[in-house]
Structure formats: structure tokens, C-alpha cells
Amino acid sequence: MNAPNGVLGDRSKPDRLRVELGSRSYDIVIGRNLIAAAGEHILPLLAKRHVVIVTDANVAKLHLEALEHALTQAGIDVDSIIMPAGEATKSFAEVERLTGLLLDMKIERGTTLIALGGGVIGDLTGFVAAITLRGIDFIQVPTTLLAQVDSSVGGKTGINTPHGKNLVGAFYQPRLVLADTATLDTLNRRELLAGYAEVVKYGLIDEPDFFKWLEANGVDVIEGDEAARRHAISVSCRAKARIVGADERESGARALLNLGHTFGHALEAECGFSDELLHGEGVAIGMVMAFDLSVTLGLCPAEDAARVQRHLASVGLPTAPGSVQGRFWSAERLIGHMGRDKKVKDGRVGFVLARGIGQTFHPAYVDLAEVAAVLETAIAA
Ligand code: NAD
Ligand code: GLY
Numbered sequence: 008m009n010a011p012n013g014v015l016g017d018r019s020k021p022d023r024l025r026v027e028l029g030s031r032s033y034d035i036v037i038g039r040n041l042i043a044a045a046g047e048h049i050l051p052l053l054a055k056r057h058v059v060i061v062t063d064a065n066v067a068k069l070h071l072e073a074l075e076h077a078l079t080q081a082g083i084d085v086d087s088i089i090m091p092a093g094e095a096t097k098s099f100a101e102v103e104r105l106t107g108l109l110l111d112m113k114i115e116r117g118t119t120l121i122a123l124g125g126g127v128i129g130d131l132t133g134f135v136a137a138i139t140l141r142g143i144d145f146i147q148v149p150t151t152l153l154a155q156v157d158s159s160v161g162g163k164t165g166i167n168t169p170h171g172k173n174l175v176g177a178f179y180q181p182r183l184v185l186a187d188t189a190t191l192d193t194l195n196r197r198e199l200l201a202g203y204a205e206v207v208k209y210g211l212i213d214e215p216d217f218f219k220w221l222e223a224n225g226v227d228v229i230e231g232d233e234a235a236r237r238h239a240i241s242v243s244c245r246a247k248a249r250i251v252g253a254d255e256r257e258s259g260a261r262a263l264l265n266l267g268h269t270f271g272h273a274l275e276a277e278c279g280f281s282d283e284l285l286h287g288e289g290v291a292i293g294m295v296m297a298f299d300l301s302v303t304l305g306l307c308p309a310e311d312a313a314r315v316q317r318h319l320a321s322v323g324l325p326t327a328p329g330s331v332q333g334r335f336w337s338a339e340r341l342i343g344h345m346g347r348d349k350k351v352k353d354g355r356v357g358f359v360l361a362r363g364i365g366q367t368f369h370p371a372y373v374d375l376a377e378v379a380a381v382l383e384t385a386i387a388a
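Per my numbering, the sequence shown starts with residue 8, numbered consecutively.
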């Protein structure tokens with residue numbers, strides 16, 4: 008396996024990256040079996056030797072005991088709260104329930120929350136940490152590939168409302184991200200692939216060599232080759248840390264992380280944000296559409312768009328809406344969803360577009376007739 012990006016180092020030690028945000032800077036630690044060593048990583052960061060682990064029912068069965076054991080062994084008092092699994096948990100009702108449980112425990116300002124799970128648990132726990140007692144510390148222990156390469160890093164926390172996804176939340180950074188690659192062994196293939204779409208995203212944004220590396224080694228990442236997986240996670244986190252460090256609140260470069268998301272969110276919204284289409288699957292289809300739109304507008308070589316589609320399809324990700332069984336798609340309805348997206352400014356829909364692989368830019372305000380044409384072609388594919 009070639010490692011062009013230079014993140015790879017000594018395999019006996021975890022990779023350690025830093026998100027540079029002044030007094031709110033923190034480390035991302037990536038390696039195998041890190042949960043067993045969680046005490047040594049977490050104890051030095053605690054204001055008080057008390058943590059509350061927040062997890063979901065699926066992850067609790069698989070990884071909670073190991074984390075509780077590791078922390079207890081380090082002399083930390085541990086409480087745990089198990090939430091229902093699934094997107095519906097990112098709701099006001101569950102925020103109210105979770106804050107209520109924490110206040111019943113009589114937590115203090117020095118208590119630290121630990122989010123053990125995927126993006127749902129990370130987003131919810133981060134938001135609850137931001138508002139409980141006007142802000143307490145939290146740590147991310149991400150257990151899905153999507154959470155390890157994206158949602159646990161960068162401090163976007165929040166919940167969904169009937170108005171849409173992630174519309175209520177806060178920028179609130181964790182004190183540490185501890186990504187144990189061994190947790191991915193228990194993740195099902197569909198969820199793993201959905202997370203892989205976000206890995207590909209970093210190559211497409213501005214790391215063309217990483218995309219090339221994924222074309223050669225992506226199957227190893229998915230099949231569980233430890234070195235390949237760790238490399239992919241580290242390069243992804245390094246890219247995200249760099250972008251967040253430059254633009255924490257998304258007033259500029261951070262918007263590039265939304266590559267494929269304007270299309271993807273519209274597809275997800277049409278599916279009611281259900282398991283019919285996972286977030287990463289929507290992003291995969293959306294990235295293909297963003298490249299196709301870039302070609303249509305004469306910005307990007309057709310061969311680059313074809314490479315994106317080929318690679319995503321080669322690992323088994325969906326690349327067109329037709330992969331969702333039994334759903335009737337309408338370009339008009341998808342454009343309607345885009346109009347309700349967070350990425351709308353002054354009534355105009357902003358896209359991340361590409362001049363080629365690794366050459367994305369933002370914002371690009373595009374005539375909606377061009378967008379509709381790309382959607383219609385994709386729907387017919
Ligand atoms: P998720 O948290 O729902 O996890 C997916 C499923 O996998 C769940 O059923 C969960 O119980 C299960 N699971 C988690 N870890 C497991 C493991 N190790 N083994 C077996 N099963 C496991 O979904 P996700 O894809 O991790 O995250 C999606 C969420 O992340 C969405 O709400 C999205 O909005 C959010 N997100 C946030 C950001 C951000 O920057 N904050 C970025 C991208 C996505
Ligand atoms: N996942 C997009 C962001 O963190 O900005």
C-alpha cells in the first residue's frame with residue numbers, strides 16, 4: 008500500500024492530530040483498541056473524576072462495557088445513559104429527556120459527557136453538553152466510519168426539527184476525539200460504505216493524490232485492512248482539522264465540506280431522512296451530481312466526473328437516485344427541498360462545484376434550470 012500523504016507513521020502508536028482553535032484546540036487520537044486505553048487519554052482532561060457516557064442501544068451492547076471498564080480502572084466515576092438508536096433521537100424531546108436525566112444525577116460543571124456512538128449520539132451529546140449548566144465539557148468516542156472521519160471533528164452539534172435536519176444546534180468543540188478503529192469491526196457494511204463516501208469527499212475537495220490513493224486502496228479500507236483504514240481515517244481527519252481550524256463557523260472554506268450535500272440533503276429529505284437513504288449514500292449520489300453539474304457548466308472535464316462515479320460505484324455505493332428501490336423521483340420536488348436547505352442565502356441556492364478532482368470551490372449560484380437538467384438525467388440513469 009502506498010501512502011502518499013505522509014500521515015502514516017509508527018503503527019505501534021496511535022496517530023495524533025490537532026484541531027487548532029486557540030484555547031479550544033484539541034487532539035484527535037486514532038488507533039486500534041483505544042477504548043481499552045481510554046482512561047490514560049481521558050483522565051488528564053477531566054476537571055472532576057466524573058463522566059457520563061451517552062450512547063445508543065446498539066452501541067451499548069457492543070462497546071459500552073469496555074469503555075466503562077477502562078475508565079473505572081483509571082479511577083474515574085462513570086455513569087451511563089442509553090438512548091434509542093436512530094436519527095429520531097436527534098430531537099427536542101430527547102434533548103429534554105437527556106438533560107433531565109443528567110440533572111437528576113446532580114452533575115456538576117466539572118462533569119464531562121462522553122459521546123460513544125455514531126453521528127446521532129455525537130451531535131445530540133455535543134448539543135446537550137453545550138446547553139446543560141450553560142456548557143460542560145464533552146469528549147467524542149466515535150464508533151461509525153462517518154463519525155470517525157467527519158461528525159466527531161469540528162464541533163457542529165445539534166438536532167432535527169419538523170422544519171428540517173440539523174436546524175437547531177451550536178458550534179461547540181469537544182475536548183478530545185478518540186477514534187478506536189476496532190469499533191468498526193462491528194459496523195454493518197452499508198453503514199461502513201456510507202462513511203466511506205465522506206472519506207472520498209476529502210480527496211475530491213482538495214486532495215487529488217488522496218483520491219488517487221483511494222482508487223487504488225479503497226477496497227482495502229472497506230474490507231478492514233487495518234493500515235489502509237487507519238490511513239484513510241487519519242488523512243480525512245487531518246483534512247477536516249485543517250479546514251475547521253481555518254474557518255470554524257463556516258463563513259468560508261468550511262462550506263467545501265458540503266460537497267454533494269445540497270443534492271444529497273434534497274434526496275434525503277424526499278426519503279423523509281429515513282433508512283431508505285443513509286446520509287453518506289445521499290452524499291455519494293450528491294457528489295456525482297455536483298461533478299455532473301460542473302461538467303454541464305463547462306467547468307470540469309467529463310473524465311473527472313466519470314472517475315468520481317466509477318470509484319464510488321466500484322466500492323458499492325449508490326451513484327444515482329434510481330438505486331433507491333421503489334421510489335418515484337421528481338426533479339421539481341428535489342429543487343423544492345433545496346430551497347428549504349440551510350445552504351440557501353438570500354433565497355439563492357449555493358453549490359460546491361469543481362474544476363476537477365481536488366479543485367472544488369464555493370459558492371456557485373447556478374441557474375436552477377441547469378440543476379433540474381442534471382437531476383432529470385440522474386433520475387433517468
Ligand atoms: P448513527 O449514529 O445513526 O449510526 C448508524 C447506526 O450504526 C446506528 O444504528 C448505530 O446504533 C449503529 N452503530 C454505531 N456504531 C456502531 C458500531 N461500532 N457497531 C455496530 N453498530 C453501530 O449514524 P452516523 O452515520 O454515524 O451519523 C449520522 C448523523 O451524523 C446524522 O444525524 C448526520 O446529520 C450527522 N452528521 C453530523 C456531522 C457533523 O459535522 N456534526 C457531519 C456529518 C453527519
Ligand atoms: N460535515 C460538515 C461540517 O462539519 O462542516
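Just so you know, even glycine gets a beta-carbon here, dropped at the ideal spot from N, CA and C.
Problem set entry | Nonlocal neighbours in the same chain, by C-beta distance under 6 Å from G162, ignoring five residues either side | Looking up residue 162 in the sequence shown gives position 155. Once the five neighbours on either side are set aside, the close Cβ partners of G162 are F178, Y179, Q180.
For this session: Taking 8 Å as the threshold, find out whether the region 52-59 comes into contact with the region 69-84 through three or more Cβ pairs.
Result: Counting Cβ pairs under 8 Å, three or more are found: they touch.
Problem set entry | Collapsed DSSP secondary structure at H1 in the structure displayed | In the structure displayed, the chain extends from 8 to 388; residue 1 sits before or after that span and is not available.
Exercise. When the Cα of L191 is compared with those of F217, T151, W220, P169, which residue comes out closest?
Worked result: Residue 191 sits at position 184 when you count from the first residue of the sequence shown. When each option's Cα is compared against that of L191, the closest is T151.
For this session: Please go through the same chain and pick out, in chain order, the residues whose beta-carbon is closer than 7 Å to the beta-carbon of L78, but skip the five residues on each side of it.
Result: As a first step, residue 78 must be located in the sequence shown, where it is residue number 71. For L78, where only same-chain residues beyond five positions count, the Cβ hits under 7 Å are A45, G46, I49, V58, V85.
Problem set entry | Cβ-Cβ separation, A273 to L341 (assumed contact under 8 Å), whole Å | Position 334 of the sequence shown holds residue 341. Position 266 of the sequence shown holds residue 273. That belief holds up - the Cβ atoms of L341 and A273 are roughly 4 Å apart, short of 8 Å.
Exercise. Taking the continuous alpha helix (DSSP H) assigned at T132, which residues delimit it?
Worked result: Mapped onto the sequence shown, residue 132 falls at position 125. 126-138 is the span of the alpha helix (DSSP H), which, as asked, contains T132.
Exercise. Less than 7 Å between the CB of E383 and some heavy atom of ligand 4, yes or no?
Worked result: Of the ligands this structure carries, namely ligand 1 and ligand 2, none is ligand 4.
Exercise. By DSSP, does G82 sit in helix, in strand, or in coil?
Worked result: Position 75 of the sequence shown holds residue 82. In the three-state reduction of the DSSP assignment, G82 falls in the coil class.
Exercise. How would you write the range of the alpha helix (DSSP H) that T269 sits in, first residue to last?
Worked result: The residue labelled residue 269 in the question sits at position 262 within the sequence shown. First-last of the alpha helix (DSSP H) with T269: 268-277.
Problem set entry | Rounded C-alpha distance that separates A154 from S281 | Working through the sequence shown from its first residue, we reach residue 154 at position 147. Working through the sequence shown from its first residue, we reach residue 281 at position 274. Spanning the two alpha carbons is a distance of roughly 18 Å.
Exercise. In angstroms, rounded to a whole number, what distance separates the CA positions of D157 and A385?
Worked result: By one-based count along the sequence shown, residue 157 stands at place 150. By one-based count along the sequence shown, residue 385 stands at place 378. Cα to Cα, D157 sits roughly 26 Å from A385.
Problem set entry | contact_flag[the region 18-35, the region 168-175] where n(CB pairs < 8 Å) is 3 or more | By the C-beta criterion, the region 18-35 is judged not to be in contact with the region 168-175, since fewer than 3 inter-stretch pairs fall below 8 Å.
For this session: For the alpha helix (DSSP H) holding T4, just list the boundary residues, first then last.
Result: No answer is possible for residue 4: the residues shown for the chain start at 8 and end at 388.
For this session: Write down every uninterrupted run of the beta strand (DSSP E) in the region 148-213 whose length is 3 residues or greater and which is fully enclosed by it, in chain order.
Result: 163-168, 171-178, 183-187
Exercise. Cα-Cα, which of G231, G117, V148 is closest to R141?
Worked result: Within the sequence shown, numbered from 1, the residue matching residue 141 stands at position 134. Here the closest residue by C-alpha is G117.
Exercise. Does at least one heavy atom of ligand 1 sit under 7 Å from the Cβ of D63?
Worked result: In the sequence shown, counting from the first residue as 1, residue 63 sits at position 56. Checking the Cβ of D63 against ligand 1 gives yes.
Exercise. Whose C-alpha, out of V66, L110, M112, is nearest the C-alpha of N195?
Worked result: Taking the sequence shown and counting its residues from 1, one reaches residue 195 at position 188. Nearest C-alpha to N195: V66.
Problem set entry | Residue range of the alpha helix (DSSP H) that includes H318 | In the sequence shown, counting from the first residue as 1, residue 318 sits at position 311. Per DSSP, H318 belongs to the alpha helix (DSSP H) from 309-322.
For this session: Ignore the nearest five residues each way along the sequence and tell me which others in A309's own chain have a CB closer than 6 Å to its CB.
Result: Within the sequence shown, numbered from 1, the residue matching residue 309 stands at position 302. The residues V302, in chain order, have a CB closer than 6 Å to that of A309 in the same chain once the five nearest residues on each side in sequence are set aside.
Exercise. Of all the options H76, E377, A43, V315, which has the alpha carbon lying nearest to the alpha carbon of I426?
Worked result: Any question about residue 426 goes unanswered here, given that the chain covers just 8 to 388.
Exercise. Could you check where the alpha helix (DSSP H) with R249 kicks off and where it finishes?
Worked result: Here residue 249 is taken as the residue at index 242 of the sequence shown, counted from 1. Start and end: 233-253.
For this session: Check whether the Cβ atoms of I146 and R182 sit closer than 8 Å, and answer yes or no.
Result: Taking the first residue of the sequence shown as 1, we reach residue 146 at position 139. Taking the first residue of the sequence shown as 1, we reach residue 182 at position 175. Result yes, Cβ atoms of I146 and R182 sit closer than 8 Å.
Problem set entry | 8 Å contact criterion, which V322 and K247 should meet: CB distance rounded | The residue given as residue 322 occupies position 315 in the sequence shown. The residue given as residue 247 occupies position 240 in the sequence shown. Their Cβ separation, rounded to whole angstroms, is 21 Å, which puts V322 and K247 out of contact at 8 Å.
Exercise. Quick one: Cα of S241 to Cα of K68, how far?
Worked result: Position 234 of the sequence shown, counting from 1, holds the residue named residue 241. Position 61 of the sequence shown, counting from 1, holds the residue named residue 68. Distance between the alpha carbons of S241 and K68: 27 Å.
Exercise. Who pairs with R141 in a beta bridge, going by DSSP?
Worked result: Along the sequence shown, one-based indexing puts residue 141 at 134. In DSSP, R141 forms no bridge with anything.
Exercise. Going by the CB atoms, is the gap between G210 and G363 shorter than 8 Å?
Worked result: Against the sequence shown, residue 363 aligns to sequence position 356. Against the sequence shown, residue 210 aligns to sequence position 203. Going by C-beta atoms, G363 is not nearer than 8 Å to G210.
Exercise. Using a Cβ-Cβ cut-off of 7 Å (strictly less than) and excluding sequence neighbours within five positions of G13, which residues of its own chain qualify?
Worked result: On the sequence shown, position 6 is the one that residue 13 refers to. At G13, the pLDDT of 42 sits below 50, so the modelled position is not reliable and the matter cannot be decided from this model.
Problem set entry | V257: CB within 7 Å of a non-hydrogen atom of ligand 2 | In the sequence shown, residue 257 corresponds to position 250, counting from 1. The identity of residue 257 in the sequence shown is Glu, whereas the question assumes Val. Checking the Cβ of E257 against ligand 2 gives yes.
For this session: Let me know the secondary structure DSSP gives M345 once reduced to three states.
Result: By one-based count along the sequence shown, residue 345 stands at place 338. Helix, per DSSP.
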